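Participant: Sequential numbering from 30 applies to the sequence shown in my numbering.
Shown below is the structure under consideration.
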Amino acid sequence: MDYGDQFRGKKVVITGAAGIFGRWIAESFAKAGAKLCLSDIREEELKAMLQLPTLQQSEVWYHRTDLTDPRQIQQLAAEVAARWTAPDILINNAGVYQRQQLMDMSLEQWQASIGVNVTAPFLLTQLLAKQMIAEGIRGSIINISSGAAYTTQIGGGHYSVGKAALAMLTRAYALELAPYRIRVNSVIPGFAPGSEVSALSEEYVQNMIAQIPLGRTSGPDDAPQAILYLCSEAASFVTGSTLHVDGGKSAGTYRKPEK
Numbered sequence: 030m031d032y033g034d035q036f037r038g039k040k041v042v043i044t045g046a047a048g049i050f051g052r053w054i055a056e057s058f059a060k061a062g063a064k065l066c067l068s069d070i071r072e073e074e075l076k077a078m079l080q081l082p083t084l085q086q087s088e089v090w091y092h093r094t095d096l097t098d099p100r101q102i103q104q105l106a107a108e109v110a111a112r113w114t115a116p117d118i119l120i121n122n123a124g125v126y127q128r129q130q131l132m133d134m135s136l137e138q139w140q141a142s143i144g145v146n147v148t149a150p151f152l153l154t155q156l157l158a159k160q161m162i163a164e165g166i167r168g169s170i171i172n173i174s175s176g177a178a179y180t181t182q183i184g185g186g187h188y189s190v191g192k193a194a195l196a197m198l199t200r201a202y203a204l205e206l207a208p209y210r211i212r213v214n215s216v217i218p219g220f221a222p223g224s225e226v227s228a229l230s231e232e233y234v235q236n237m238i239a240q241i242p243l244g245r246t247s248g249p250d251d252a253p254q255a256i257l258y259l260c261s262e263a264a265s266f267v268t269g270s271t272l273h274v275d276g277g278k279s280a281g282t283y284r285k286p287e288k
């Protein structure tokens, strides 16, 4: 969809920017003419992103942020205020997943998971929404969720708890920020092999594809286009909603029909 100049000059903060979805989101906003603040704990990857041809067309800066540390989140918000006064758009994209059963999980591991997946979006949304309100900006906030918010598996319980909490956080903030015309929505992207921390076998990838009704993995334009829509004037009456961009996987259990 062509949004014209809707995003030209808009100031966008993206957490988890060094991951595959973060990069895709950043490139999509850059192509639309937005200014970008890229946040991630992986500084070298952030530096490399600045060299991407697509991003060199826009005003881009980065902030190395450990989202398990509230002080660093506050520092990120302070730098956003110093550079921009306030953002127009916040994309809470960062998330962590490490396969670990609840019965074997330490308190520190639990706190790290909930810290990145729930506490960081809570705090950063609060801080940046206050900046938007002070400047009269009718902003947009997008939380990147997961199908794990609705179902879980052994070893992924902590992640499911976090994403389920994020789903309700999206609705709660949507209600609280509606009087200021700040909209809060979430997007659930589909499976993308490059989003995993460790390499995946071809067998695993094909098994995942077999569970997706539309028969393919998520591509560079799928989730980002949904995000652009939700941040655009076309979605000015949409808040507190979740858009599933997962090829139908969240619709239910799927098995490819036999020929």
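Quick reminder that beta carbons are idealized off the backbone N, C-alpha and C, glycines included.
Just so you know, these numbers come straight off a predicted model, no measurement behind them.
(1) Could you check how far apart the C-beta atoms of Gly274 and Pro218 are, in whole angstroms? I think they sit under 8 Å.
(2) I need the straight-line Cα distance from Asn214 to Glu232, nearest angstrom please.
(3) What does Asp69 pair with, by DSSP beta-bridge criteria?
(4) Would the beta-carbon of Thr44 fall within 8 Å of that of Leu84?
(5) State the DSSP-derived secondary structure class of Asn121, mapped to helix, strand or coil.
(6) List the endpoints of the continuous alpha helix (DSSP H) containing Asn146.
(7) If you run the structure through DSSP and keep just helix, strand and coil, what is Val267?
(8) For the region 150-211, which segments carrying the alpha helix (DSSP H) assignment without a break, of at least 4 residues, lie completely within its bounds, in sequence order?
(9) Contact between the region 201-215 and the region 261-272: three or more CB pairs below 8 Å?
(10) Using beta-carbon positions only, say whether Pro222 and Ala280 come within less than 8 Å of one another.
(11) Apply the 10 Å Cβ neighbour rule to Thr180 and answer buried if 16 or more other Cβ atoms are within range, or exposed otherwise.
(12) Judging by CA-CA distance, which residue of Ser87, Ala123, Thr94 and Gly38 is the nearest neighbour of Ile49?
(13) Look at the alpha carbon of Ala239 and the alpha carbon of Lys192, and state the distance between them as a whole number of angstroms.
(14) Expressed to the nearest angstrom, what Euclidean distance is found between the alpha-carbon atoms of His187 and Gln129?
(15) Candidates Val147, Ala47, Gln235 and Met78: which alpha carbon is nearest Pro99's?
(16) State the DSSP-derived secondary structure class of Ser215, mapped to helix, strand or coil.
(17) With 16 as the cutoff for other CB atoms within 10 Å, does Thr94 come out buried or exposed?
(18) Which residue marks the beginning of the alpha helix (DSSP H) containing Ile238, and which one marks its end?
(19) If you follow the alpha helix (DSSP H) that Lys60 is part of, which residue opens it and which one closes it?
(20) Compare the C-alpha of Thr199 against each of Ile120, Gln101 and Phe58 and name the closest.
(21) Can you have a look at Asn236 and say buried or exposed, based on whether 16 or more other CB atoms are within 10 angstroms of its CB?
(22) Which residues does DSSP list as the beta-bridge partners of Val274?
(23) Per DSSP, Ile43 forms a beta bridge with which residues?
(24) Roughly how far, in whole angstroms, is the beta-carbon of Ile118 from the beta-carbon of Ser169, given that I think they are within contact range, below 8 Å?
(25) When the Cα atoms are used, what is the spatial distance from Trp90 to Leu153?
(26) In angstroms, rounded to a whole number, what distance separates the CA positions of Ala46 and Lys64?
(27) What residue range is occupied by the uninterrupted alpha helix (DSSP H) comprising Ala252?
Facilitator: According to the structure data:
(1) Correcting the residue identity first, residue 274 is Val in this sequence and not Gly. At roughly 6 Å, the Cβ-Cβ gap stays under 8 Å, so Val274 and Pro218 are in contact.
(2) 34 Å
(3) Arg93
(4) no
(5) strand
(6) Premise fails: Asn146 is in no alpha helix (DSSP H) and is neither H nor E.
(7) coil
(8) 186-206
(9) yes
(10) no
(11) exposed
(12) Ala123
(13) 24 Å
(14) 8 Å
(15) Val147
(16) strand
(17) buried
(18) Glu231 to Ala239
(19) Ile49 to Lys60
(20) Ile120
(21) exposed
(22) Pro218
(23) Leu67 and Ile120
(24) 5 Å
(25) 18 Å
(26) 14 Å
(27) Asp251 to Cys260
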